[in-house]
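As they're listed, the protein sequences go chains A and B. Per this note's numbering, the first sequence starts with residue 28, numbered consecutively. Per this note's numbering, the second sequence starts with residue 28, numbered consecutively. Have a look at the structure below, then the notes.
There are 2 protein chains.
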Amino acid sequence: MSLLVIGTVAFDAIETPFGKTDKIVGGAATFASLAASYFYDKVKIVAVVGDDFPQSFIKDFNNHTINTEGLQIKKGEKSFFWSGKYHNDMNTRDTLVTELNVLADFDPIIPASYQDCEYLMLGNLTPQVQQTVINRLKKRPKLVVMDTMNFWMDIALDDLLATIKMVDVLTINDAEARQLSGEYSLVKAANKILTMGPKYLIIKKGEHGALLFGEGKIFAAPALPLEEVFDPTGAGDTFAGGFIGYMAKVGSVNFANMKNAIIFGSALASFCVEKFGTEKIVNLTQEEIAARVQEFVSLSKFEII
Amino acid sequence: MSLLVIGTVAFDAIETPFGKTDKIVGGAATFASLAASYFYDKVKIVAVVGDDFPQSFIKDFNNHTINTEGLQIKKGEKSFFWSGKYHNDMNTRDTLVTELNVLADFDPIIPASYQDCEYLMLGNLTPQVQQTVINRLKKRPKLVVMDTMNFWMDIALDDLLATIKMVDVLTINDAEARQLSGEYSLVKAANKILTMGPKYLIIKKGEHGALLFGEGKIFAAPALPLEEVFDPTGAGDTFAGGFIGYMAKVGSVNFANMKNAIIFGSALASFCVEKFGTEKIVNLTQEEIAARVQEFVSLSKFEII
Chain A
28 MSLLVIGTVA FDAIETPFGK TDKIVGGAAT FASLAASYFY DKVKIVAVVG
78 DDFPQSFIKD FNNHTINTEG LQIKKGEKSF FWSGKYHNDM NTRDTLVTEL
128 NVLADFDPII PASYQDCEYL MLGNLTPQVQ QTVINRLKKR PKLVVMDTMN
178 FWMDIALDDL LATIKMVDVL TINDAEARQL SGEYSLVKAA NKILTMGPKY
228 LIIKKGEHGA LLFGEGKIFA APALPLEEVF DPTGAGDTFA GGFIGYMAKV
278 GSVNFANMKN AIIFGSALAS FCVEKFGTEK IVNLTQEEIA ARVQEFVSLS
328 KFEII
Chain B
28 MSLLVIGTVA FDAIETPFGK TDKIVGGAAT FASLAASYFY DKVKIVAVVG
78 DDFPQSFIKD FNNHTINTEG LQIKKGEKSF FWSGKYHNDM NTRDTLVTEL
128 NVLADFDPII PASYQDCEYL MLGNLTPQVQ QTVINRLKKR PKLVVMDTMN
178 FWMDIALDDL LATIKMVDVL TINDAEARQL SGEYSLVKAA NKILTMGPKY
228 LIIKKGEHGA LLFGEGKIFA APALPLEEVF DPTGAGDTFA GGFIGYMAKV
278 GSVNFANMKN AIIFGSALAS FCVEKFGTEK IVNLTQEEIA ARVQEFVSLS
328 KFEII
């Protein structure tokens with residue numbers, strides 16, 4: 028029994044209205060596996076880095092009980108690097124640099140010890156690679172969650188649709204749901220996307236929270252209103268990792284558990300944006316997480332008399 | 028004891044992607060008083076129309092137990108008229124025609140029988156007129172709710188700030204909260220606006236729900252995800268009317284009651300957008316409203332174990 032996270036492990040350089048960073052560790056699998064590790068102690072990652080990747084961060088993974096056997100380290104090569112600049116509203120950003128490096132010919136090799144995977148998180152990556160991972164698992168996991176983005180809708184729609192067909196939960200943002208479905212109404216968009224394969228759809232709405240569709244039901248989760256969003260990088264990956272980590276912890280796949288998983292994922296994401304990169308989510312305590320989840324409870328609770 | 032609603036009673040001509048109307052009855056006080064009437068049977072309006080305003084609609088008000096003694100009918104003059112066209116996303120619109128007509132020199136006369144007002148809804152209007160109404164009430168109402176819009180921030184900011192200072196609850200949308208405060212973060216915006224006078228602030232976020240700030244607390248209400256928004260005209264007024272109507276019904280002003288009032292207001296608003304103008308909210312049953320409120324409950328309820 029384990030939770031397998033696939034995605035990028037990489038370097039980011041980030042500029043926000045609050046400051047800028049040098050190269051810091053980022054990547055979808057980084058954020059997602061760290062977030063998941065707060066709920067589940069059998070998280071394993073499949074990813075690729077160059078030998079420029081800091082050994083100290085691999086130790087951070089291991090300190091979080093994250094198994095890095097599937098983390099390929101390519102000698103003499105460089106890790107994937109992304110650099111971006113956020114606008115004042117923190118909702119839009121410009122990509123300044125994208126260097127694929129080791130990611131260009133990433134072959135996701137699944138170590139034999141990972142074949143006990145019951146929960147699979149497909150972090151944002153080429154849909155073809157995401158699909159390869161599903162195909163290489165001898166036993167279909169109990170729950171497959173896939174994150175993706177508009178970029179793949181633009182350049183690899185057929186691959187994307189083929190991969191979407193194979194997953195249980197798809198997580199995308201509202202603009203992406205509209206693009207993928209061709210429907211403006213999110214209810215119509217969700218209904219259409221749920222005919223494409225996934226049984227559940229999570230629409231991420233940033234500062235407006237998230238919507239879960241599935242089993243003919245809808246759940247609306249709030250986002251925590253924050254004084255400041257310091258750096259949104261990785262918030263979506265952190266959300267997805269917290270979501271599947273919580274699902275792995277509770278162990279049974281149903282709408283009620285998914286609602287809670289969304290709250291726990293949102294809580295983790297609300298920490299993520301408080302500092303640059305992984306700075307905040309690499310060092311959380313269970314008490315901090317529990318207190319943050321209680322903030323979500325009091326934020327959205329009402330009692331109709 | 029009564030609930031006084033002031034605002035426009037007017038004609039609208041609306042064009043949406045779904046169709047267009049001739050002149051139909053609209054106006055902030057129309058939507059707000061109808062919405063409030065589902066919760067409270069002592070709603071009274073102060074507004075002005077021309078003698079082109081249909082007697083049959085005044086009957087509709089009265090059938091809703093809305094007192095129209097304060098509805099001035101100006102002989103030989105025409106009612107306020109607004110015409111607008113919504114874009115495909117239904118969130119933005121162009122104003123095609125604005126004819127002030129009787130509204131140009133509206134003097135809000137308060138009938139003596141209205142002086143028992145305990146709840147005052149200041150629908151969107153010139154802030155100067157809203158302020159006049161507060162000043163003409165001999166006894167300060169228990170709860171004063173004020174709706175306004177960016178237009179007054181642009182052309183009458185000083186009057187607006189003077190009026191805001193006198194109210195208990197301000198309702199504006201997220202863009203307006205940012206404009207009024209000069210802060211992008213809604214938490215910072217709210218904190219700043221709460222130093223301007225109101226004890227509570229409701230930030231309306233359309234399809235993303237609403238936020239209530241006050242007593243050092245925050246409540247996030249979801250919006251009901253709808254397959255189709257047919258016509259958003261009057262949704263904000265309907266929300267505000269449902270809100271204050273529910274507050275008048277429960278009779279005690281506190282955060283917990285306001286949370287429920289927001290849910291009831293949101294439920295009414297979700298009906299409003301299903302048809303053109305007042306078509307839907309003029310003919311609701313208590314059973315329909317209760318069922319819709321239950322949809323909000325199941326939409327946002329979760330139980331953390």
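C-beta: ideal position from N, C-alpha, C; glycine also.
ask   = Helix, strand or coil: which one does DSSP assign to B/Ala250?
value = By 1-based counting over the second sequence, the position of residue 250 of chain B is 223. Residue state, collapsed to three classes: coil.
query = Over what stretch of residues does the beta strand (DSSP E) that includes A/Lys101 continue unbroken?
reply = Here residue 101 of chain A is taken as the residue at index 74 of the first sequence, counted from 1. Unbroken beta strand (DSSP E) run through A/Lys101: 93-101.
key: Three-state secondary structure assigned by DSSP to A/Asp264   = Start at 1 with the first residue of the first sequence, and residue 264 of chain A comes out as number 237. DSSP places A/Asp264 in the helix class (H, G or I) of the three-state scheme.
ask   = Would A/Ala55 pass as a contact of A/Asn151 if the rule is Cβ separation under 8 Å?
value = In the first sequence, residue 55 of chain A corresponds to position 28, counting from 1. In the first sequence, residue 151 of chain A corresponds to position 124, counting from 1. Yes.
ask   = Which of the three DSSP states, helix, strand or coil, is assigned to B/Thr122?
value = As a position in the second sequence, residue 122 of chain B is number 95, starting the count at 1. Correct three-state label for B/Thr122: strand.
message = To be precise: take each residue of the stretch 100-113 of chain B, compare its Cβ to all Cβ atoms of chain A, and keep it if any distance is under 8 Å. Which residues remain?
response = Close to chain A, meaning a Cβ-Cβ distance shorter than 8 Å, is no residue of the stretch 100-113 of chain B at all.
query = With 16 other CB atoms within 10 Å as the buried threshold, where does B/Arg163 fall?
reply = The count along the second sequence starts at 1 and reaches residue 163 of chain B at position 136. Counting Cβ neighbours within 10 Å, B/Arg163 comes out exposed, since fewer than 16 surround it.
Contacts that B/Ile245 makes with chain A (C-beta to C-beta distance below 7 Å) = Along the second sequence, one-based indexing puts residue 245 of chain B at 218. Here the neighbours are Pro252, Leu326.
message = When you compare the CB positions of A/Gln142 and A/Lys165, do they come within less than 8 Å of one another, or not?
response = As a first step, residue 142 of chain A is located in the first sequence; it is residue number 115 there, counting from the start. As a first step, residue 165 of chain A is located in the first sequence; it is residue number 138 there, counting from the start. Less than 8 Å divides the Cβ of A/Gln142 from the Cβ of A/Lys165.
Where B/Tyr273 falls: helix, strand or coil (DSSP) = Taking the second sequence and counting its residues from 1, one reaches residue 273 of chain B at position 246. Under the three-state reduction of DSSP output, B/Tyr273 falls in the helix class.
task = Check A/Phe108 in the structure and name its three-state DSSP category.
result = Taking the first residue of the first sequence as 1, we reach residue 108 of chain A at position 81. In this structure, A/Phe108 counts as strand in the three-state DSSP scheme.
Contact with chain B by A/Tyr211, beta-carbon distance below 8 Å = As a working mapping, residue 211 of chain A is identified with position 184 in the first sequence. For A/Tyr211, a Cβ of chain B is located within less than 8 Å of the residue's own Cβ.
request  = Could you tell me whether the Cβ of B/Asn177 comes closer than 8 Å to any Cβ of chain A?
outcome  = Residue numbering aside, residue 177 of chain B sits at position 150 when the second sequence is read from its first letter. No, B/Asn177 lies away from the interface with chain A (no Cβ there is under 8 Å from its Cβ).
ask   = With 8 Å set as the bound, which would you pick, yes or no: does the beta-carbon of A/Pro354 sit closer than that to a beta-carbon of chain B?
value = For chain A, the structure presents residues 28 to 332; residue 354 of chain A sits outside this window and is missing.
task = Check whether the Cβ of B/Val196 sits closer than 7 Å to any heavy atom of the ligand ZN, and report yes or no.
result = Ligands are entirely absent from the displayed structure, and the ligand ZN is therefore not among its contents.
key: Nearest-angstrom Cβ-Cβ length linking A/Phe329 and A/Ser293, presumed shorter than 8 Å   = In the first sequence, the residue the question calls residue 329 of chain A occupies position 302. In the first sequence, the residue the question calls residue 293 of chain A occupies position 266. Actually they are not in contact, since the Cβ atoms of A/Phe329 and A/Ser293 sit about 18 Å apart, beyond 8 Å.
inquiry  = So, under 8 Å CB-CB, A/Lys69 and A/Ser110 are touching, yes? Tell me the CB distance rounded to an integer number of Å.
reply    = As a first step, residue 69 of chain A must be located in the first sequence, where it is residue number 42. As a first step, residue 110 of chain A must be located in the first sequence, where it is residue number 83. That belief does not hold up - the Cβ atoms of A/Lys69 and A/Ser110 are roughly 33 Å apart, past 8 Å.
query = What are the uninterrupted segments assigned as alpha helix (DSSP H) that are 4 or more residues long and contained completely in the stretch 271-321 of chain B, given in chain order?
reply = Taken in chain order, the unbroken stretches of alpha helix (DSSP H) that lie wholly in the stretch 271-321 of chain B and span 4 residues or more are 282-299.
message = Residues of chain A with CB closer than 9 Å to the CB of B/Lys226, please, in chain order.
response = Here the question's residue 226 of chain B lines up with position 199 in the second sequence. B/Lys226 does not reach chain A, its nearest Cβ partner there being about 18 Å away, counting only Cβ pairs nearer than 9 Å.
task = Would you check if the distance between the CB atom of B/Gly268 and the CB atom of B/Ala62 is smaller than 8 Å?
result = Here residue 268 of chain B corresponds to residue number 241 of the second sequence, with the count starting at 1. Here residue 62 of chain B corresponds to residue number 35 of the second sequence, with the count starting at 1. It is a contact, given that the beta carbons lie within the stated cut-off.
task = In angstroms with no decimal places, state the Cα-to-Cα distance between A/Leu123 and B/Ala40.
result = The sequence position of residue 123 of chain A within the first sequence is 96, counting from 1. The sequence position of residue 40 of chain B within the second sequence is 13, counting from 1. Taking the straight line joining both Cα atoms gives about 47 Å.
request  = Take A/Leu251 and list the residues in its own chain whose beta-carbon comes closer than 8 Å to its own, dropping the five residues that flank it on each side.
outcome  = Here residue 251 of chain A refers to the residue found at position 224 of the first sequence. Excluding residues within five positions, the ones whose Cβ falls inside 8 Å are Ser293, Ala294, Ser297, Arg319, Glu322, Phe323, Leu326.
Which residues DSSP lists as bridging B/Gly224, in chain order = Mapped onto the second sequence, residue 224 of chain B falls at position 197. In the DSSP output, where bridge partners are listed per residue, B/Gly224 has none listed.
message = Quick check: A/Val36 and A/Thr57, are their CB atoms within less than 8 Å of each other?
response = The residue labelled residue 36 of chain A in the question sits at position 9 within the first sequence. The residue labelled residue 57 of chain A in the question sits at position 30 within the first sequence. Taking 8 Å as the cut-off, the Cβ atoms of A/Val36 and A/Thr57 count as close.
task = Count the other CB atoms, across all protein chains shown, that sit within 10 Å of the CB of A/Phe178; report buried if there are 16 or more and exposed otherwise.
result = Reading the first sequence from its first residue, position 151 is the one you call residue 178 of chain A. Exposed, because fewer than 16 other Cβ atoms sit within 10 Å of the Cβ of A/Phe178.
ask   = For A/Phe45, does the count of other Cβ atoms within 10 angstroms reach 16, so buried, or fall short, so exposed?
value = Counted from its first residue, the first sequence places residue 45 of chain A at position 18. It is exposed - the Cβ of A/Phe45 has fewer than 16 other Cβ atoms within 10 Å.
task = Output yes or no for whether 8 Å exceeds the beta carbon distance between B/Ile229 and B/Val280.
result = Walking along the second sequence from the start, residue 229 of chain B turns up at place 202. Walking along the second sequence from the start, residue 280 of chain B turns up at place 253. Contact: no.
request  = Output yes if chain A places a C-beta closer than 8 Å to the C-beta of B/Phe282; else output no.
outcome  = The residue labelled residue 282 of chain B in the question sits at position 255 within the second sequence. Not closer than 8 Å to any Cβ of chain A, the Cβ of B/Phe282 fails to qualify, so no.
query = Just curious, the alpha helix (DSSP H) that B/Asn115 is in, first and last residue?
reply = As a working note, residue 115 of chain B is residue 88 in the second sequence. Counting along the chain, B/Asn115 falls outside any alpha helix (DSSP H), and DSSP gives it neither H nor E.
CB contact check: A/Asp300 to chain B, cutoff 8 Å = For the purposes of this step, residue 300 of chain A is identified with residue 273 of the first sequence, where counting begins at 1. Reading off the sequence shown, one finds Val at residue 300 of chain A, where the question assumed Asp. At a cut-off of 8 Å between beta carbons, A/Val300 makes no contact with chain B.
query = Do the CB positions of B/Thr198 and B/Lys231 come within less than 8 Å of each other?
reply = Numbered from 1 along the second sequence, position 171 holds the residue referred to as residue 198 of chain B. Numbered from 1 along the second sequence, position 204 holds the residue referred to as residue 231 of chain B. The Cβ atoms of B/Thr198 and B/Lys231 sit closer than 8 Å to each other.
message = Just to confirm the assignment: which complete alpha helix (DSSP H) runs, minimum length 4, are found wholly within the stretch 193-241 of chain B?
response = Within the stretch 193-241 of chain B, the complete alpha helix (DSSP H) runs of at least 4 residues are 201-208, 213-220.
query = To the nearest angstrom, how far is it from the Cα of B/Phe84 to the Cα of A/Ala247?
reply = Start at 1 with the first residue of the second sequence, and residue 84 of chain B comes out as number 57. Start at 1 with the first residue of the first sequence, and residue 247 of chain A comes out as number 220. For B/Phe84 and A/Ala247, the distance between alpha carbons rounds to 37 Å.
Secondary structure of B/Asp39, DSSP reduced to three states = As a first step, residue 39 of chain B must be located in the second sequence, where it is residue number 12. If DSSP states are grouped into helix, strand and coil, B/Asp39 belongs with the strands.
query = Going along chain B in order, which residues have a C-beta closer than 7 Å to the C-beta of A/Glu255?
reply = Taking the first sequence and counting its residues from 1, one reaches residue 255 of chain A at position 228. Result: Ser212.
task = Tell me the start and end of each unbroken beta strand (DSSP E) in the stretch 143-199 of chain B that is at least 3 residues and wholly inside, in chain order.
result = The stretch 143-199 of chain B contains these whole beta strand (DSSP E) runs: 144-149, 170-174.
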